[in-house]
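To keep things clear, I will list the structure first and then write my remarks on it.
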Amino acid sequence: MNQPYIDLRSDTVTKPSPAMRAAMADAEVGDDVIDIDPTTERLQQLTADLLGKEAAIFMPSGSMTNQIAVRIHCKPGDEFLCDAGCHIYNYEQAAFAQLSGVAARTVEGEGGVLQVDQLRGLIRPNNEHMVRTRMVTLENTHNRGGGRIQPLETVQHICHWAHSNGLRTHLDGARLLNAVAATGIDAATWSACFDTVSVCFSKGLGAPVGSALAGPREMIQEARRHRKLFGGGMRQCGIIAAGALYALDHNRERLVEDHEKAQILAEGVRQAEGLTLTPDTIDTNIVIFRVDPQVATAAEFVSRLKDENVLALSTSLTHIRLVTHLDVTREQCQLVTNVLARLTDSFKRRSRTSSVLNSVT
Ligand SMILES: *Cc1c(COP(=O)(O)O)cnc(C)c1O
């Protein structure tokens with residue numbers, strides 16, 4: 005009989021638990037486009053409080069919360085500064101260009117972490133040949149940076165610099181609550197220096213759908229207008245908001261367990277010959293590693309993992325990402341480390357055999 009897959013492709017693969025489904029089924033609802041849905045309203049208030057902002061607005065995805073943040077902060081012909089590896093730039097179809105006529109200027113961060121000194125001098129002069137620099141966006145934790153937590157002081161320096169130069173600031177906090185769980189620094193402290201912050205309920209928190217954008221009341225009212233324009237107005241969305249509320253109430257503190265499971269996987273990668281952690285330390289729930297091209301391509305390795313009932317994603321020709329979440333156990337992570345050892349071993353034997361053959365022929 006086939007074993008079920010151990011799915012480490014993303015922390016979005018989690019399925020709502022029976023208790024979460026019950027909360028969703030029981031949700032009180034209303035038409036959130038005509039006026040308000042009471043459950044969504046509760047979620048928005050709770051999220052705003054959590055992030056220390058005046059207001060928050062519920063949306064179907066993190067791509068939408070990010071892109072509506074771009075939309076409310078920037079006008080056509082404006083530009084924002086961001087790290088070259090960030091989600092807004094790489095994984096949202098350049099929606100800032102497609103939907104808002106906005107340009108991005110990327111700066112190479114170290115594991116996704118930018119320093120204020122890299123940004124100084126990048127604000128364009130007021131000159132009709134040039135775009136207008138309007139905003140800085142940061143991402144915490146950083147996905148392509150391997151779940152990297154941005155140092156708080158570094159973040160504060162950048163925001164302070166941005167604001168004193170008349171720029172807006174937005175935080176892509178899809179996994180901000182992982183940073184909170186890992187550091188003990190609360191979400192409001194992480195969010196304080198940003199104008200707007202987006203968070204996802206459908207990542208490590210385990211809700212099936214949804215994100216929120218938080219900020220000053222006026223900006224969030226403006227965001228509501230653009231949410232409608234982008235097709236994100238949802239009617240009885242209390243049903244999904246209830247899943248997100250349940251996730252905030254029950255799945256926040258347990259995120260540290262996902263981080264512990266990531267450490268198990270990381271140790272497995274360290275022990276496997278031909279695999280290298282990139283970065284070499286793991287802050288939260290994402291483990292990215294390089295496969296020595298002598299051993300296999302990333303795609304080949306992912307396909308062999310699948311034969312062993314382990315699902316992973318390749319992020320480049322040479323790199324693979326594993327993400328822990330609430331539907332994967334410690335024991336399963338231990339099992340995956342055994343698989344990593346076995347696979348690298350067999351690839352090694354194969355390459356040794358083929359080099360022997362090559363030297364014979
Ligand atoms: C997942 C993610 C998002 C939003 O993705 P959606 O699939 O649109 O909800 C935004 N930023 C980061 C860093 C993410 O990992």
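With positions in the sequence shown counted from 1, the corresponding number in the working numbering is that position plus 4.
All C-beta atoms in this analysis are idealised placements derived from N, C-alpha and C, irrespective of residue type, glycine included.
If you draw a straight line from the Cα of Ala178 to the Cα of Asn144, it comes to about 7 Å. The beta-carbon distance between Ile292 and Thr282, rounded to whole angstroms, is 5 Å. This is short enough to meet the 8 Å contact definition. Contact between Ala245 and Leu47 is confirmed by a C-beta separation of about 4 Å, below the 8 Å threshold. A residue is called buried once 16 or more other Cβ atoms fall within 10 Å of its Cβ, and His91 is buried on that count.
The distance from the Cβ of Val184 to that of Asp190 is about 6 Å, consistent with a contact at the 8 Å cut-off. Between ligand 1 and the CB of Cys86, the shortest heavy atom gap is not smaller than 7 Å. DSSP places Phe305 in the helix class (H, G or I) of the three-state scheme. Assigned with DSSP and collapsed to three states, Val37 falls in coil, not helix or strand. A straight-line Cα-Cα distance of about 15 Å links Asp36 and Phe234. Straight across, the Cα-Cα distance linking Arg334 with Met68 is about 33 Å. Ala211 has its alpha-carbon roughly 22 Å from the corresponding atom of Ile153. Secondary structure note for Ile61: its beta strand (DSSP E) is the uninterrupted segment 59-63. Contact holds between the stretch 61-79 and the stretch 99-106, because three or more Cβ pairs, one in each stretch, are under 8 Å apart.
For Gln338, same chain residues with a beta-carbon under 7 Å away, outside a window of 5 residues either side, are Ile268 in chain order.
Here the alpha carbon of Thr158 sits roughly 20 Å from the alpha carbon of Val203. Beyond the five residues adjoining it in sequence on each side, Gly242 comes within less than 8 Å, by CB distance, of Ala31, Glu32, Val33, Gly34, Asp36, Asp41, Pro42, Thr43, Thr44 in the same chain, given in chain order. Ligand 1 approaches Gly66 closely enough that one of its heavy atoms is under 7 Å from the residue's Cβ.
In this structure, DSSP gives Thr200 an extended state, which the three-state scheme calls strand. Residue pairing by DSSP places His323 opposite Arg294 in a beta bridge. For Phe205, the three-state secondary structure derived from DSSP is coil. Look at Leu142 here: in three-state DSSP terms it is strand.
By alpha-carbon distance to Val343, the top candidate from Asp311, Leu249, Asn131, Pro20 is Asp311. Taking 8 Å as the upper bound for CB-CB distance, Ile290 and Ile61 are not in contact here, some 27 Å apart.
In the structure shown, Ala108 falls within a strand segment according to DSSP collapsed to helix, strand and coil.
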